[in-house]
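Protein chains in written order, with the numbering used here: chain A, 1 to 419; chain B, 1001 to 1502.
Glycine included, C-beta positions come from ideal geometry on N, C-alpha and C.
Inspection log for the structure reproduced underneath, given as structure tokens.
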Amino acid sequence: MKNKDHSNMRIYIYLTVILLLLFVTTGFAIALEYPKACYEGEELEKVRTWEKTWAGKKIDSSNVDSVKEYLPDSFYGLIKDTNRWGNTYFTIIPYQTIVPSPGIIEQTRKNHGKSKVGDNKELLNYVSGVPFPEAQSGLEIAYNFRTRTFGDAYKSRDTGHIVDGKLKYDMNIDLENNLCFFAGRTDTPPVPEFLNNPKKIWRAFSMTQLAPPETRNMRIMEIQYKDFMKPYDMWMWLPAVRRVKRRSTTERQDSASAGDNCGYDNMGYDGPIRINDYKYLGQKEYLFSRHNDMDKLEHTPGHPVWNNLQRERVKVYVVEVINESSTFLYSKVIWYLCPESWQILYADRYDRREKLWRISDQVGNVGKGHNGVDVASFSANMSIDIQRIHGTLGLSDKKYGYDFDPNMFSLYYLQKHGY
Amino acid sequence: MRKRIISVFVTVWLLALAGNAFALDLFSGKLTVHGIAQTTVQMPTHKETSPDQLHDYDFHNIRGTLKLETLWHAYEGESYNINVYSIFKNYYDKAYDIDSGYGNYISDFSGHRSLRNELRSYTTFRDICREFFIDVANPLFQVRLGKQVVSWGETSFSRMADIVNPIDARGVINPVVPDFSQMKQGLWMARFYYTNPDMWQNMTLELLIIPDFQPTRVYPAGHHMMHPSAFNMMQNPNEVLKARYRDKPKSWGSPEIGFKIRGFTGGFDWSLQYLHHRNDNPVTQEGKALLSALPALFGIGRTEDVYHYAWQHTIGATFNKPLPFDISIIPGTSLKMSGILFKGEFIWEKDRDINQTAGFDVRVREIDRYAGVLGWDCKIYLPWITPRYRNKLLNSSTQLFMEWVPDRHRIDSISPWSTQRKKGHHYAAVTESLSYAFWHSRIIPAVNLNYNLTEGSLQYALALVFKPTYKWGYSLVFADFIEYGRETDNGDMLIFDITYEF
Chain A
1 MKNKDHSNMR
11 IYIYLTVILL
21 LLFVTTGFAI
31 ALEYPKACYE
41 GEELEKVRTW
51 EKTWAGKKID
61 SSNVDSVKEY
71 LPDSFYGLIK
81 DTNRWGNTYF
91 TIIPYQTIVP
101 SPGIIEQTRK
111 NHGKSKVGDN
121 KELLNYVSGV
131 PFPEAQSGLE
141 IAYNFRTRTF
151 GDAYKSRDTG
161 HIVDGKLKYD
171 MNIDLENNLC
181 FFAGRTDTPP
191 VPEFLNNPKK
201 IWRAFSMTQL
211 APPETRNMRI
221 MEIQYKDFMK
231 PYDMWMWLPA
241 VRRVKRRSTT
251 ERQDSASAGD
261 NCGYDNMGYD
271 GPIRINDYKY
281 LGQKEYLFSR
291 HNDMDKLEHT
301 PGHPVWNNLQ
311 RERVKVYVVE
321 VINESSTFLY
331 SKVIWYLCPE
341 SWQILYADRY
351 DRREKLWRIS
361 DQVGNVGKGH
371 NGVDVASFSA
381 NMSIDIQRIH
391 GTLGLSDKKY
401 GYDFDPNMFS
411 LYYLQKHGY
Chain B
1001 MRKRIISVFV
1011 TVWLLALAGN
1021 AFALDLFSGK
1031 LTVHGIAQTT
1041 VQMPTHKETS
1051 PDQLHDYDFH
1061 NIRGTLKLET
1071 LWHAYEGESY
1081 NINVYSIFKN
1091 YYDKAYDIDS
1101 GYGNYISDFS
1111 GHRSLRNELR
1121 SYTTFRDICR
1131 EFFIDVANPL
1141 FQVRLGKQVV
1151 SWGETSFSRM
1161 ADIVNPIDAR
1171 GVINPVVPDF
1181 SQMKQGLWMA
1191 RFYYTNPDMW
1201 QNMTLELLII
1211 PDFQPTRVYP
1221 AGHHMMHPSA
1231 FNMMQNPNEV
1241 LKARYRDKPK
1251 SWGSPEIGFK
1261 IRGFTGGFDW
1271 SLQYLHHRND
1281 NPVTQEGKAL
1291 LSALPALFGI
1301 GRTEDVYHYA
1311 WQHTIGATFN
1321 KPLPFDISII
1331 PGTSLKMSGI
1341 LFKGEFIWEK
1351 DRDINQTAGF
1361 DVRVREIDRY
1371 AGVLGWDCKI
1381 YLPWITPRYR
1391 NKLLNSSTQL
1401 FMEWVPDRHR
1411 IDSISPWSTQ
1421 RKKGHHYAAV
1431 TESLSYAFWH
1441 SRIIPAVNLN
1451 YNLTEGSLQY
1461 ALALVFKPTY
1471 KWGYSLVFAD
1481 FIEYGRETDN
1491 GDMLIFDITY
1501 EF
């Protein structure tokens, strides 16, 4: 009888501990308000009221003053100055909430509180999902941007125009991209990481250049590691010399040959987060592209700006980014980040003389990934050299949630497919 | 007639392709064709050509070149792929027709038209077909069968570990900046890869079986870079060189064999390689030195059975490693190197046959040769210039080339890739390539320097490239030789080139 009492007592203790754990866990889940929409309640009502007047309207130099408060000064000036930039216009569409995929929501909640920022501004203990869903600083916002996974993998065909706005002509490029996340996965099995990942790869990228002719069949492969302090590796297959050549990845600020970007500028920003200082400047409403229909984009040869972008009101995070190096190509960059997808939607980039040099517009869209989940990403972009009237316009047709063989991101694969 | 056919062919191609960027992806991308059409004019700039060359003239080359590259994705399955790849290239040189001075010189020099034909264009399928192979690949294996160019090694300026294919100098206009991708002759071979993704240290294995053998193809006698004044005494100097090709051995019964292991360890890319092969440059057989020169001297008879292509072993190793930090060039300033890639390659030529000059005759002996090159590629931040011009950095590639032949005697002749000095066991050279890009990379100035540390001689090339569009490019190059000796120093040249790519 006594033993039975002891046994019951043990069961009560176990149950109490389990209940406490459940309470604590549930308590955290309740405390984490994720996902959170840009606009809710009264704010959303105000936006809808404003949209009754403006949604569907084409905005050009004749009426841009009416929406000036919702445009970055750099872009407003570009539309207004038709002598310099020609006729640029866009269309306003209603705000639509971007709801993260079920996998992102689950991983963000499950891993909430684990991610930390180390002494060297590196991300520690990151597993998957949004590392800092309640970001309080520019650095945390930057890591939320950096850890997006685009449906865990995508294959894209990218075409582009390098446009000389003074001489009024284009040079065209065409390439195929593959991006695959080995870790930090959310929706495409296996989640959150490939079972066999001995090199501790975070993400791998490969590219095949199809045009221009001088770089045809050039291939690039880039491997980034889960250790955010470790430099990543890069190799290129150069058809001209029939050789796989290693390339340093610490140098990414040399301007791309004829284009208006450098290695750091890809996807809004593509480099280690820890090399910059970040200052959160607050939230502000702008008209940016997040649900763009790429078929509606218009381009006239010689005009270095995409026309007919579809823009919606969104309350973005504004972050000032300054590189630690005094010789970095930009003295300052202002990021405008979507609080729902964490994508950099727009950036103002200043030269070393602190004059506005380039603007970058990441033209967002929402595609379908594995099992039809929504994937917030971008389908086009433009990087415009304000000083030289020159632009690089890209169009990206992405297939998200692509099932890659991880072995294709290897040196031998590069050699094997090099001609 | 043949000229007309070639001209019509080139014109039709250019007209068909101009203005259509994607015309060359045929059959839904299954067949892609990439091509280059090029016109090149080369002029001598050194005015001491006469009387050594008997005639004076203004042009070395007025050349049209067409190169076509095709890739056919013949089969793409889940377990394996089959691709067929080819490169065909030919040129036609009009310098001898347009500049009668050069034409007369060639006629005098050769005594007949064969030399003119040799300098004018490729005439055989072997020369025109640079590569042609079938490729079968699955995740574990890859097999390439056919005529191929293999690129081993890391560096580019001084050819060292890149030893598989022989050189063909005839297609090269600018010898100061040798483009080995254009110079290498394809060889018929079988190439096997084993690419198990789970291999230790990410290793891949490569095996070559090369039944084809071709000797190094040098410039024909009479070419401005193959013009020692001693040739003027000969009735038919090209006969000296033709014998090299007549004495080519039958090779299909005794193929060359090589292998390479490539790996990735601790951030280092590395490779080890071995090739059992014939040297691409012949040695004169003992007792046949005089015999090799007589037909050329008197213009009578045919030189044959005087050269020998000897077997040897070549063992090599390469590495590369990016350095993840910047290095200041002048401390306290922003002049600095970044994006540094440190690389190197080393070879040991074992049991290599060479000639010793012994009076009017030669002897053959074996030596071992060791050579290495260290390379340093980086980008350089230029204060004031870089931030002013779109943050473009200066591209720099530096290489230190060294070799050592411990058993070398003063009368040993080791050519062409080894000790160039008349005496001594050691040779060293340093090369430097710099380039910069202005106006959204439409204007690219570049310089290449090659300074021989042991001899004190220098060759350099200054280039200016203009690329207004991706398809069209124009370049102007000045190449200069200093302290190489009178005959080579006379080779200074100006090269103008127009290129159309599709």
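Cβ-based burial, residue i [other Cβ within 10 Å; buried from 16]
i, result
"N1490/B", "buried"
"N196/A", "exposed"
"L1476/B", "exposed"
"K1027/B", "The amino acid occupying residue 1027/B in the given sequence is Phe; Lys does not appear at that position. By the neighbour-count rule (16 or more Cβ atoms within 10 Å), F1027/B is not buried but exposed."
"P304/A", "buried"
"D1162/B", "buried"
"M1233/B", "exposed"
"P420/A", "Any property of residue 420/A remains undetermined from this structure, which presents chain A solely from 1 to 419."
"W202/A", "buried"
"N63/A", "exposed"
"K52/A", "exposed"
"Y1105/B", "buried"
"A1230/B", "exposed"
"E43/A", "exposed"
"D1280/B", "buried"
"F1022/B", "For F1022/B, the predicted structure reports a pLDDT of 42, less than 50, and the residue's modelled location is therefore unreliable. The matter cannot be settled from this model."
Proximity test, Cβ basis, 8 Å: residue i and chain A
i, result
"K1030/B", "no"
"S1050/B", "Summary for S1050/B: the model assigns pLDDT 48, below 50, so the residue's position carries little reliability; its value from the coordinates is reported in the next sentence. No, its Cβ sits nowhere closer than 8 Å to a Cβ of chain A."
"A1371/B", "no"
"D1269/B", "yes"
"F1346/B", "no"
"E1076/B", "no"
"G1339/B", "yes"
Reduced DSSP category for residue i - H, G, I as helix; E, B as strand; rest coil
i, result
"V319/A", "strand"
"M294/A", "helix"
"D1168/B", "strand"
"R388/A", "coil"
"V256/A", "The question names Val, but residue 256/A in the sequence shown is Ala. Correct three-state label for A256/A: coil."
"G369/A", "coil"
"S1086/B", "strand"
"G1241/B", "Note on identity: in this sequence residue 1241/B is Leu, with Gly being the wrong assignment. Note: L1241/B maps to helix in three-state DSSP."
"R242/A", "coil"
"Y280/A", "strand"
"V1041/B", "strand"
"E45/A", "helix"
"R1246/B", "helix"
"W50/A", "helix"
"V191/A", "coil"
"W1152/B", "coil"
C-beta neighbour in chain B for residue i, strict 8 Å
i, result
"H303/A", "no"
"T327/A", "yes"
"Y419/A", "yes"
"S410/A", "yes"
"M171/A", "yes"
"V163/A", "no"
"S360/A", "no"
"P212/A", "yes"
> Would you call the stretch 395-411 of chain A and the stretch 359-370 of chain A in contact, with 3 or more CB pairs under 8 Å?
Replying inline: yes
>> Under 8 Å: do the stretch 249-263 of chain A and the stretch 1439-1450 of chain B share three or more Cβ pairs, one atom per stretch?
In response: yes
>> For the stretch 1118-1133 of chain B against the stretch 195-215 of chain A, do three or more pairs of beta-carbon atoms, one drawn from each stretch, fall closer than 8 Å, so that the two count as touching?
In response: No: fewer than three Cβ pairs fall under 8 Å.
>> Is it the case that the stretch 193-207 of chain A contacts the stretch 327-347 of chain A, given that we only count it when at least three CB pairs across the two stretches are under 8 Å?
In response: no
> When the Cβ atoms of the stretch 1290-1298 of chain B are set against those of the stretch 1180-1196 of chain B, are three or more pairs found closer than 8 Å?
Replying inline: no
> At what residue ranges does the stretch 1385-1429 of chain B contain a whole run of the alpha helix (DSSP H), taking only runs of 4 or more?
Replying inline: 1385-1388
> What are the start and end residues of each continuous beta strand (DSSP E) run of 3 or more residues lying completely inside the stretch 91-164 of chain A, in chain order?
Replying inline: 153-164
> Hey, is the stretch 1060-1078 of chain B in contact with the stretch 1090-1109 of chain B, meaning 3+ C-beta pairs nearer than 8 Å?
Replying inline: Counting Cβ pairs under 8 Å, three or more are found: they touch.
> Where are the beta strand (DSSP E) runs, 3 residues long or more, that stay fully inside the stretch 338-383 of chain A, in chain order?
Replying inline: 344-350, 356-368
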